[in-house]
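Novice: Numbering (the working numbering), first residue to last: 1 to 164. Every residue, glycine too, gets a C-beta built ideally from N, C-alpha and C.
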Amino acid sequence: IADILVNAHVMLPDGQIEILSPQDLEYSYRHSRLQGKSILVAQATFQLQPGENPASVTAITSENFNKRKTSQPYHLPSCGSVFRNPGPQAAGWLIEQTGLKGYQIGMAQVAHRHANFILNCGGATANDIFQLIYHVQEQVEKQWSFLLKPEVKMIGDFSGSATF
1 IADILVNAHV MLPDGQIEIL SPQDLEYSYR HSRLQGKSIL VAQATFQLQP GENPASVTAI
61 TSENFNKRKT SQPYHLPSCG SVFRNPGPQA AGWLIEQTGL KGYQIGMAQV AHRHANFILN
121 CGGATANDIF QLIYHVQEQV EKQWSFLLKP EVKMIGDFSG SATF
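(1) Is it right to say Phe117 is buried, meaning 16 or more other beta carbons lie within 10 angstroms of its own, or is it exposed?
(2) Give me, in chain order, the residues of the same chain whose beta-carbon lies closer than 7 angstroms to that of Val82; leave out the 5 immediate sequence neighbours on both sides.
(3) Please report the Cβ distance between Gln143 and Thr98, rounded to the nearest whole angstrom; I am assuming they are in contact, meaning their Cβ atoms lie under 8 angstroms.
(4) Rank Lys37, Phe65, Asp3 by C-alpha distance to the C-alpha of Tyr29 and give the top, closest one.
(5) Using only the alpha-carbon positions, how far apart do His114 and Pro54 sit?
(6) When you compare only the Cα positions, how much space is there between Asp14 and Gly51?
(7) Could you spell out where the alpha helix (DSSP H) holding Glu63 opens and where it closes?
(8) Where does Ala8 land, buried or exposed, given buried means 16+ other C-beta within 10 angstroms?
(9) Given a cut-off of 9 angstroms on the beta-carbon distance, is the pair Leu48 and Cys121 in contact?
(10) Identify whether Val152 lies in helix, strand or coil by the three-state DSSP scheme.
(11) Quick check on Ala108: does DSSP put it in helix, strand or coil?
(12) For the putative contact between Pro73 and Ala111, defined by C-beta atoms under 8 angstroms, what is the C-beta separation to the nearest angstrom?
(13) State the CB to CB distance for the pair Leu12 and Glu18, rounded to an integer number of angstroms; the pair is presumed to be in contact (CB under 8 angstroms).
(14) Just to confirm the assignment, what range does the beta strand (DSSP E) spanning Val136 have?
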């Protein structure tokens, strides 16, 4: 992304908007200056290059989407992949082997189709999702002696909840 990003409009904790360049964001592999901070990207501008002919782009996009639809849940809202893959085993495989597919707290559920996705089954609260992430971590650590690291960033006050 850093190669094609022109700028990002970010909201700071005090509500101010700041426009940052790719250099300001200090991109590196799986890292940027935004991580670990309570900063929200509100808008981003990219400099795209002309692609192939539109029919080819449409066909490739459609093929990629169809592959994802068969392996990832798209029928309910989710934030995508929840945990980083620790390697050599994928986080989803570890969660699946722990027997957590379909496990639910409130209206947040570990997806049946791909265990590294947490679904909002309708009305899930941030706390439901937070508690489910924590439960998955506990169970995987209990079985595999390995603590999964979340890829998602939780924003809000979870001081009354379990912690990562």
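Specialist: Checking against the coordinates, here is how it stands:
(1) buried
(2) Asn116, Phe117, Ile118, Ile133, Pro150, Glu151, Val152
(3) 5 angstroms
(4) Asp3
(5) 32 angstroms
(6) 40 angstroms
(7) 54-71
(8) buried
(9) no
(10) coil
(11) strand
(12) 4 angstroms
(13) 6 angstroms
(14) Premise fails: Val136 lies in the alpha helix (DSSP H), 126-144, not in any beta strand (DSSP E).
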